[in-house]
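One rule links them: number in the numbering used here = place in the sequence shown (from 1) + 380. Below you'll find the structure, written out as structure tokens, and then a few comments.
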Amino acid sequence: MKDYEDIQNYPAKHNFDLDKVGVSDVKYPITVMDKKNKWQNTIASVTMTVFLPHQYRGTHMSRFIEILNRHRGKITTTAVRGILEEMKVRFQAKSAFLDIHFPYFIYKRAPISGEESLMEYEASFIATLNEDMDFILEVVVPVLILCPCSKEISDRGAHNQRAEVSVRVKMNKLVWIEDIIEVVEKSASSPVYSLLKRNDEKYITEHAYDNPRFVEDISREVAFHLNKDERVDYFSVFCKSYESIHKHNALAYIEIDKRKDKS
381 MKDYEDIQNY PAKHNFDLDK VGVSDVKYPI TVMDKKNKWQ NTIASVTMTV FLPHQYRGTH
441 MSRFIEILNR HRGKITTTAV RGILEEMKVR FQAKSAFLDI HFPYFIYKRA PISGEESLME
501 YEASFIATLN EDMDFILEVV VPVLILCPCS KEISDRGAHN QRAEVSVRVK MNKLVWIEDI
561 IEVVEKSASS PVYSLLKRND EKYITEHAYD NPRFVEDISR EVAFHLNKDE RVDYFSVFCK
621 SYESIHKHNA LAYIEIDKRK DKS
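Below you can see the structure in the form of structure tokens.
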């Protein structure tokens with residue numbers, strides 16, 4: 381076989397380091413921890429990158445997939461660290477980054493009929509390894525919110541809409557995806573479900589009306605619970621409401637690093 385020149389190892393034309401180079405949108409089967417069933421199989425979209433100094437024109441993209449293939453199986457914090465460590469070694473990089481984004485499913489019962497169905501949530505493991513590893517769990521939870529102002533000024537009804545709450549946490553002890561979902565759903569006007577009968581719809585409509593929330597209210601309520609959770613060192617909460625009577629959407633964001641407060 382002909383021995384081809386390794387063009388990637390040539391120096392770059394311009395004297396710039398690249399903070400991240402690699403592959404993205406790699407669809408890959410993974411198994412993640414499930415609080416109720418121990419493990420859950422799902423399909424992830426994976427991004428893998430490393431730092432590239434200006435001495436190198438490019439990197440070897442195939443090596444990322446080789447590393448991923450060697451670490452197939454159950455994806456835990458330990459497994460994520462192993463992937464990042466191998467990336468640093470193989471690419472002789474000072475830093476490595478990994479983003480594993482996947483759908484996560486939970487069986488939920490409708491509030492009145494008890495009908496059970498699978499509900500999908502979005503989750504991500506976002507990790508960086510320099511000297512130490514920085515690991516973030518992100519969970520996106522859909523909820524229903526009803527506007528307190530609309531309820532106050534209206535003689536009949538109030539505008540309500542679906543919202544999404546994105547929570548990111550850095551932890552010192554295991555925080556389950558289900559734990560974050562529970563905190564968010566109890567902080568909203570109502571949870572949402574994938575399957576509802578008419579008596580469920582009646583209950584949710586009235587429950588939301590009795591629990592009006594601004595996006596600001598939800599963000600603060602979620603932050604209140606996470607701030608009390610000793611397993612959580614850092615968190616951010618981003619609530620976005622897909623407004624039903626406005627052209628624009630509404631949002632609120634809060635970020636707290638509890639480690640700084642202790643120092």
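Ideal placement from N, C-alpha and C gives every residue a C-beta, glycine not left out.
Query raised in the report: In its own chain, which residues sit with a C-beta less than 8 Å from the C-beta of glycine 402, not counting the 5 before and 5 after it?
Result: By the criterion of a C-beta distance shorter than 8 Å, glycine 402 is surrounded in its chain by Thr427, Met428, Thr429, Val430, Thr439, Met441, Phe444, Phe477, once the five residues flanking it on both sides are discounted.
Query raised in the report: Under three-state DSSP, which class holds asparagine 607?
Result: Residue state for asparagine 607 is assigned as helix, using DSSP reduced to three classes.
Query raised in the report: Can we say the region 496-516 touches the region 572-584, given the rule of at least three CB pairs closer than 8 Å?
Result: The answer is yes - the region 572-584 touches the region 496-516, with three or more Cβ pairs under 8 Å.
Query - For lysine 474 and glutamine 420, the rounded distance between their alpha carbons - result: Taking the straight line joining both Cα atoms gives about 33 Å.
Query raised in the report: Are there 16 or more other CB atoms within 10 angstroms of the CB of isoleucine 387, so buried, or fewer, so exposed?
Result: In this predicted model, isoleucine 387 has a pLDDT of only 48, less than 50, meaning its place in the structure is not dependable enough to derive any value.
Query raised in the report: Under a three-way DSSP split, which group does leucine 576 fall into?
Result: Residue state for leucine 576 is assigned as coil, using DSSP reduced to three classes.
Requested in this report: Return the chain-ordered list of same chain residues with a C-beta closer than 6 Å to the C-beta of lysine 553, the five sequence neighbours on each side being excluded.
Outcome: Cβ within range, chain order: Arg611.
Query raised in the report: Taking the DSSP output, what are the residues bridged to tryptophan 556?
Result: Partner(s): none; tryptophan 556 has no beta bridge.
Query raised in the report: Under a Cβ-count criterion, where at least 16 other Cβ atoms within 10 Å of its own Cβ denotes burial, should proline 522 be classed as buried or exposed?
Result: Around the C-beta of proline 522, 16 or more other C-beta atoms lie within 10 Å, and the residue is accordingly described as buried.
Query raised in the report: Which ranges would you report for the beta strand (DSSP E) in the region 429-493 if only whole runs of at least 3 residues count?
Result: Runs of the beta strand (DSSP E) inside the region 429-493: 476-489.
Query raised in the report: What residues match up with valine 563 in a beta bridge as DSSP calls it?
Result: DSSP output for valine 563 lists no bridge partner at all.
Requested in this report: For isoleucine 387, name the three-state secondary structure that DSSP assigns.
Outcome: Because the pLDDT at isoleucine 387 is just 48, under 50, the model does not fix this residue reliably, and the point stays unresolved.
**Report entry** Rounded straight-line distance, which links the Cα of arginine 536 to that of arginine 639
**Finding:** Note on geometry: alpha-carbon atoms of arginine 639 and arginine 536 lie some 47 Å from one another.
Requested in this report: Figure out for me which residue from Ala603, Ala632, Val564, Glu623 has the closest Cα to the Cα of valine 519.
Outcome: Checking every option, the nearest Cα to that of valine 519 belongs to Val564.
Requested in this report: Given a cut-off of 7 Å, decide if alanine 503 and phenylalanine 515 are closer than it, judged by their beta-carbon atoms.
Outcome: Taking 7 Å as the Cβ cut-off, phenylalanine 515 and alanine 503 do not qualify as a contacting pair.
Query raised in the report: For glutamate 635 versus lysine 415, is the C-beta distance shorter than 7 Å?
Result: Going by C-beta atoms, glutamate 635 is not nearer than 7 Å to lysine 415.
Query - Exposed unless 16 or more other CB atoms sit within 10 angstroms - verdict on valine 617 - result: Result: buried.
Query - lysine 531, enclosing alpha helix (DSSP H) - first and last residue - result: Per DSSP, the unbroken alpha helix (DSSP H) holding lysine 531 starts and ends at 528-533.
Query raised in the report: DSSP on aspartate 321, reduced to helix/strand/coil?
Result: Because residue 321 is not part of the residues shown, which for the chain are 381 to 643, the question remains open.
Query raised in the report: Bridge partners of lysine 418, per DSSP?
Result: DSSP, once it has assigned bridges, lists Asp414 as partnering lysine 418.
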